[in-house]
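Just below is one structure, and these are the notes that go with it.
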Amino acid sequence: MGTEVRLTLAPQRRFQAIDVNTRVAEEAGDVLQRHQRALYCSFHTTAGYLDQSVSVRLRGNQDQLSQFFRTFRALFPHGAEYRHDRMELRTELSDAQKRVEPRNADSHLTFIGAGLRNCVTYRTRPGAPVYFIELDGKNEIMRRQRTTTVLAYDAERVVSRTSVRIPVSKHPIDSVNLGDPRLGLLEQVNDLLAGSGLEGGRVDLVVAPDERHVALTVNEYETLLMQHDLMEVLKNPLRFAKIKGRNMLDDPLAIPGKTLSYARYDVVRVLNSLMEALRLDQSSFERLVAKVMAVPAQRFLRSRRVSFLAAADAQHAAARLVRGTYQSPILVQWQSAERQARRLDVVLVQLS
């Protein structure tokens with residue numbers, strides 16, 4: 002199944018980019034140089050990895066990474082009016098838990114909006130960093146300890162593929178917790194793994210090609226966060242951004258449809274940082290602004306695939322889907338589905 006390295010990380014700041022490849026070299030020598038690919042998995046909902054294509058565009062540079070994420074910290078400022086952070090509304094928490102529960106809705110929304118992943122596959126590049134992006138490493142109450150697994154391998158092979166039907170509500174904007182035991186999806190995935198004989202590998206959940214206006218992410222499915230804060234962002238991506246002034250911008254790069262209500266925010270200044278970090282030219286930037294303003298949900302949620310490590314453990318001889326305590330695959334739609342259902346493909350992949 003390749004070579005697995007499990008790391009424990011201790012972030013020193015709330016936001017921190019930690020080069021995992023350096024840590025792997027310290028603990029396991031040249032394992033990444035001996036393999037062509039590596040699967041990087043985080044088991045947390047406010048810390049993960051960027052796709053390799055985005056990381057390359059940012060040149061694996063700490064300063065550009067920081068600039069990239071500063072954009073999202075402007076969109077989702079710490080301490081804004083998130084329902085997730087209103088502890089008096091969190092009925093699932095005891096009084097003792099409310100005293101230590103971090104107010105970190107901004108980190109969850111940044112994880113989703115910036116396109117962070119719980120599991121990513123990279124082609125190994127000797128000497129190139131791979132960053133574990135920490136969004137909530139230290140607060141006034143605690144300093145976190147994080148776990149990540151790196152599985153180095155050379156080849157992958159699909160051993161099983163099946164299609165599943167996911168019921169959804171009539172609401173045009175809605176989210177579905179695919180990890181809910183009542184849905185039975187993850188139990189079905191584990192049954193497929195047991196029947197496949199796969200000792201370890203990767204599980205991909207993929208939106209069917211003919212599905213539209215829907216995406217997947219992995220995060221904590223907390224009701225106030227997913228049914229209120231996230232929904233607000235999908236309707237208006239600048240809902241929580243700090244207002245820079247009450248006057249309309251004179252000409253925000255001639256955005257099509259100048260009557261867009263979002264223009265009262267200094268959107269150009271916010272997105273300019275993103276343009277510089279990703280090295281977009283001016284015409285590309287204009288298109289980006291127009292798309293973000295016109296179709297917020299489609300631009301905010303772009304992933305049609307999420308992945309998980311599959312491995313056996315002390316309790317189970319057969320491989321099972323591996324996820325962190327609070328991690329759930331989540332389906333989000335921003336238009337109603339025909340027949341109130343969405344179709345996903347479950348793909349089991351052998352890594353060797």
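Quick note: to get this note's numbering, add 1 to the position in the sequence shown (first position is 1). All residues carry an ideal CB built from backbone N, CA and C; glycine is no exception.
- Taking the Cβ atoms as the reference, Gln37 lies roughly 11 Å from Pro127, outside the contact range of under 8 Å.
- Annotation for Glu5: the continuous beta strand (DSSP E) segment containing it runs 4 to 10.
- Nearest to Phe241 by C-alpha distance, out of Leu51, Ser108, Val204, Ser170, is Ser108.
- Counted as a single uninterrupted DSSP element, the stretch harbouring Asp52 is not any beta strand (DSSP E), since DSSP gives it neither H nor E.
- The beta-bridge partner set that DSSP reports for Glu157 consists of Leu352.
- Note on the segment 153 to 230: whole beta strand (DSSP E) runs with a minimum of 3 residues are 157 to 168, 175 to 178, 201 to 208, 215 to 220, in chain order.
- Assignment of Ser329 by DSSP, reduced to helix, strand and coil, places it in the strand class.
- Its Cα nearest to that of Ser161, the residue Leu194 stands out among Gln189, Leu194, Leu179.
- Secondary structure of Leu90 (DSSP, three-state): helix.
- Look at Ile113 here: in three-state DSSP terms it is helix.
- Nearest to Thr218 by C-alpha distance, out of Ile19, Leu206, Ser337, is Leu206.
- Under the DSSP assignment, Gln37 falls outside any beta strand (DSSP E); it carries neither an H nor an E label.
- Under the DSSP definition of a beta bridge, Lys139 partners with Arg144.
- Per DSSP, Val21 is not a residue of any beta strand (DSSP E); the alpha helix (DSSP H) it occupies stretches across 21 to 29.
- Rounded to the nearest angstrom, the gap between the Cα atoms of Pro173 and Val165 is 21 Å.
- Burial check for Glu28: the Cβ neighbour count within 10 Å stays below 16, so the residue is exposed.
- Distance from the Cα of Val151 is smallest, within the candidate group Leu186, Asp20, Ser95, for Asp20.
- In the structure shown, the three-state DSSP call for Ala315 is coil.
- When the five nearest sequence neighbours on each side are left out, the beta carbons in the same chain lying within less than 7 Å of the beta carbon of Ser353 are those of Met2, Gly3, Tyr154, Asp155, Ala156, in order along the chain.
- Comparing alpha-carbon positions, the option among Tyr132, Gly196, Gln228, Glu5 lying closest to Ser54 turns out to be Tyr132.
- Three or more beta-carbon pairs separated by less than 8 Å link the segment 210 to 224 to the segment 320 to 331, which places the two stretches in contact.
- In its chain, beyond the 5 residues on either side, Asn140 have a beta carbon closer than 6 Å to the beta carbon of Pro103.
- DSSP places Leu239 in no alpha helix (DSSP H); its state is neither H nor E.
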